[in-house]
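Below is one structure, written out as structure tokens; comments come after it.
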Amino acid sequence: MPRPSFSTQLYALWILIAILCSLLSATVWLMLSSALGERVADAKQQAAMTCAAVASRYDMSVQRPDETNVDLMHAVLDLVLIRTEGIEGGFWTSAPAPGAPGGFLAYAFPTYEGSGVKRDIPEAETPLILRTLRNAVSTGQMRADVVSGGADAVVAVACPVPRHAGLLAWMLTRARPPLGPYGQQAATFLAGVLAIIVALALLLALALRRWKRNLTRLEQALAPDGRLEQGKRIDRLGERDLDHIVDALNRYVERAEHLQREANGLSAKLAQAERFGALGKMAAQIAHEIRNPVGAMRLKAENALAGDASRREAALKIIIEQVGRIESQLSSLLALTQPVTVRAQQVDLRAWLAGLLRTHESRAESRHVILQADIASCTTQPVFDAAQMARALDNLIVNALRHAPAGGHVTVRARAVPDAHGERLRLEVIDDGPGVNASERERIFEPFVTGRPDGSGLGLAVVREIASAHGGRAWLEDNPNMTCFVIDIPWRPS
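Letter by letter, the sequence shown follows residues 1 to 494 in full-length UniProt numbering.
Structure follows, in structure tokens:
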């Protein structure tokens, strides 16, 4: 099983963090909300029992029912509440009493966790206490009231003191979170941890997005039509790990360009060496090619000197033909020995090929051959040396017109061909002539190889030189039904 990509692993990690955040959120919510009703009920029961104990103890301790003994109230409160943690309470009277603001006669909170003795009634809960006391006064029975706030619930209980009209005891307590008195702090801590994890998840999501964007830029630069393929340097992405890869790729491009320059130089030297090596062979061949017409001219000249005027005129015509043959061979040889200099530029393929075919229309008409072009539609213009490529096609078209039978066809086809390194321009000259002998196929592009007695054997060699100078090649298609010469060069040279 293939290992997942690094970005996929990061996405999986982010999903796990998101799941962890969800689980932690659910845990915090359950901690804050679970068993709230049970905790409130327990708090009510404990406060009610404490309130009844305080009222009963005070009733049994006071000597006269109409007596209000504040000191005794404080003593009873301290004695009972010291055994009930987290409960505060006091005495309240519905009748106006001097020195009792709001009717509160006594208050105690002996289990208060703060410093000192707490004797002040909690202001925030005073409305709840008074509301509960008034309900107890109106009904004459013990009453309880609850106010929930977040994870805590405040419980107030009020009960009448027996045999003391208008005197009530009241208790106030809080329903604690499930973790005890530090439950709120624990929940707050968990909420803080959750917030940190959520922030980390967001940062990871942003980092993943930036990483993916930079990775996409790197993939685009490495694409077949990207910056690296065009020989350009890749810009640094701002990610240290990816920048190491970018730097390595840029160094690879520099090294490849250096090797390409060296290869081009070696290719040029090799071509020059091959050209010089072929000069010796060519010298022997051209000596043979020139000696034959020169010998024929000498023989005709000697016959003309010994003959009459008609023989001299016929001899001069033959001599002129042989001189033209020598001149044609020397021109082709001169073109072959001189290096081909390519001046590449964008070419309107359709217009260029139409102009080239117009120069051969008269020859085609004289030989009763149909000359036509077949050009595929192209979205961009190719880049090559129009003049040099016209020389190559001229040679191929002349050969095709010479070998095509009367009523035959010569087609010049131009089209773009896809390649692993981009598009290539393919030029084909097709005729329905007899074709090339199998014995000559392998050597047909070599100098002085020809199947015609009046040919120089240099035209196809020039075609091969021009194609090679453009970074391409020329060949003869192996097709028994037609003769097809092909020139294949890059659509845009690198």
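Glycine residues also receive a C-beta, built at the ideal position from the N, C-alpha and C atoms.
Residue i: first and last residue of the uninterrupted alpha helix (DSSP H) it sits in
{"i": "Glu-428", "result": "Per DSSP, Glu-428 belongs to no alpha helix (DSSP H); it is in the beta strand (DSSP E), 422-431."}
{"i": "Asp-394", "result": "386-403"}
{"i": "Val-462", "result": "459-469"}
{"i": "Leu-357", "result": "349-358"}
{"i": "Leu-153", "result": "The displayed chain sequence assigns Ala, not Leu, to residue 153. Looking at the DSSP string, Ala-153 is not in any alpha helix (DSSP H); the run it does join, the beta strand (DSSP E), is 152-160."}
{"i": "residue 496", "result": "Absent from the structure is residue 496, since the part of the chain shown begins at 1 and ends at 494."}
C-alpha distance - residue i paired with residue j, whole-angstrom precision
{"i": "Leu-206", "j": "Thr-8", "result": "15 Å"}
{"i": "Arg-213", "j": "Gly-192", "result": "32 Å"}
{"i": "Ala-315", "j": "Asn-303", "result": "8 Å"}
{"i": "Trp-14", "j": "Cys-21", "result": "10 Å"}
{"i": "Pro-418", "j": "Val-294", "result": "51 Å"}
{"i": "Ile-326", "j": "Gly-459", "result": "15 Å"}
{"i": "Leu-305", "j": "Ile-319", "result": "13 Å"}
{"i": "Gly-99", "j": "Thr-188", "result": "42 Å"}
{"i": "Trp-491", "j": "Leu-425", "result": "5 Å"}
{"i": "Ala-373", "j": "Thr-411", "result": "6 Å"}
{"i": "Asp-71", "j": "Leu-190", "result": "46 Å"}
{"i": "Leu-30", "j": "Leu-24", "result": "10 Å"}
{"i": "Ala-474", "j": "Ile-234", "result": "36 Å"}
{"i": "Arg-57", "j": "Ile-196", "result": "53 Å"}
{"i": "Ser-468", "j": "Ser-494", "result": "14 Å"}
{"i": "Leu-396", "j": "Asn-264", "result": "28 Å"}
{"i": "Leu-200", "j": "Arg-39", "result": "36 Å"}
{"i": "Arg-134", "j": "Ala-124", "result": "17 Å"}
{"i": "Ile-317", "j": "Val-323", "result": "According to the sequence shown, residue 317 is Lys rather than Ile. Cα to Cα, the separation comes out at about 10 Å."}
{"i": "Ala-248", "j": "Ile-444", "result": "47 Å"}
{"i": "Val-198", "j": "Ile-17", "result": "8 Å"}
{"i": "Leu-356", "j": "Ala-268", "result": "30 Å"}
{"i": "Asp-478", "j": "Ala-461", "result": "19 Å"}
{"i": "Ser-5", "j": "Glu-254", "result": "29 Å"}
{"i": "residue 543", "j": "Val-246", "result": "It is not possible to answer for residue 543, since the shown part of the chain is limited to 1 through 494."}
{"i": "Asn-481", "j": "His-244", "result": "57 Å"}
{"i": "Pro-96", "j": "His-74", "result": "19 Å"}
{"i": "Thr-50", "j": "Ile-19", "result": "46 Å"}
{"i": "Asn-437", "j": "Thr-379", "result": "39 Å"}
Neighbour-count burial assignment, residue i, 16 or more Cβ in a 10 Å radius
{"i": "His-421", "result": "exposed"}
{"i": "Gly-114", "result": "exposed"}
{"i": "Gly-472", "result": "buried"}
{"i": "Lys-44", "result": "buried"}
{"i": "Asn-399", "result": "buried"}
{"i": "Ser-366", "result": "exposed"}
{"i": "Arg-464", "result": "buried"}
{"i": "Asp-431", "result": "buried"}
{"i": "Ala-53", "result": "buried"}
{"i": "Ile-82", "result": "exposed"}
{"i": "Leu-77", "result": "buried"}
{"i": "Ala-136", "result": "buried"}
{"i": "Thr-216", "result": "exposed"}
{"i": "Gln-272", "result": "exposed"}
{"i": "Gly-433", "result": "buried"}
{"i": "Leu-203", "result": "exposed"}
{"i": "Pro-405", "result": "exposed"}
{"i": "Pro-453", "result": "Confidence at Pro-453 is low in this model, with a pLDDT of 49, below 50, so its placement is unreliable and the value that follows should be read with caution. That one is exposed."}
{"i": "Val-117", "result": "exposed"}
{"i": "His-258", "result": "exposed"}
{"i": "Ala-12", "result": "exposed"}
Run of the beta strand (DSSP E) containing residue i, from where it starts to where it stops
{"i": "Thr-93", "result": "88-93"}
{"i": "Gln-141", "result": "Premise fails: Gln-141 is in no beta strand (DSSP E) and is neither H nor E."}
{"i": "Arg-174", "result": "167-175"}
{"i": "Ala-108", "result": "104-108"}
Inter-residue CB distance, residue i and residue j (contact presumed, cutoff 8 Å)
{"i": "Gly-86", "j": "Ala-108", "result": "Not quite, the Cβ-Cβ distance comes to about 13 Å (not below 8 Å), so this is no contact."}
{"i": "Ala-144", "j": "Ala-153", "result": "Going by Cβ atoms, the distance from Ala-144 to Ala-153 rounds to 12 Å, so no, they are not a contact pair."}
{"i": "Glu-428", "j": "Val-486", "result": "5 Å"}
{"i": "His-409", "j": "Ile-375", "result": "The pair is not a contact, with the Cβ atoms about 16 Å apart (cut-off 8 Å)."}
{"i": "Leu-353", "j": "Ala-414", "result": "6 Å"}
{"i": "Arg-350", "j": "Leu-401", "result": "With a Cβ gap of about 21 Å, Arg-350 and Leu-401 do not count as contacting."}
Counterpart residues of residue i in DSSP-defined beta bridges
{"i": "Trp-491", "result": "Paired residues: none, contrary to the question."}
{"i": "His-409", "result": "Ile-370"}
{"i": "Arg-473", "result": "Asp-488"}
{"i": "Ser-310", "result": "In the DSSP output, where bridge partners are listed per residue, Ser-310 has none listed."}
{"i": "Thr-483", "result": "Asp-431"}
{"i": "Ser-148", "result": "Ala-153"}
{"i": "Pro-418", "result": "Glu-423"}
{"i": "Ile-15", "result": "Beta-bridge pairing links Ile-15 to no other residue."}
{"i": "Gln-345", "result": "Phe-384"}
{"i": "Ile-197", "result": "Ile-197 is not bridged to any residue."}
{"i": "Ile-234", "result": "Answer by DSSP bridge pairing: none, since Ile-234 is not bridged."}
{"i": "Ile-375", "result": "Ala-414"}
beta-carbon residue i near the ligand MG non-hydrogen atom, thresh 7 Å
{"i": "Ala-106", "result": "Judged by which ligands are present, the structure shown has none, so any question about the ligand MG falls away."}
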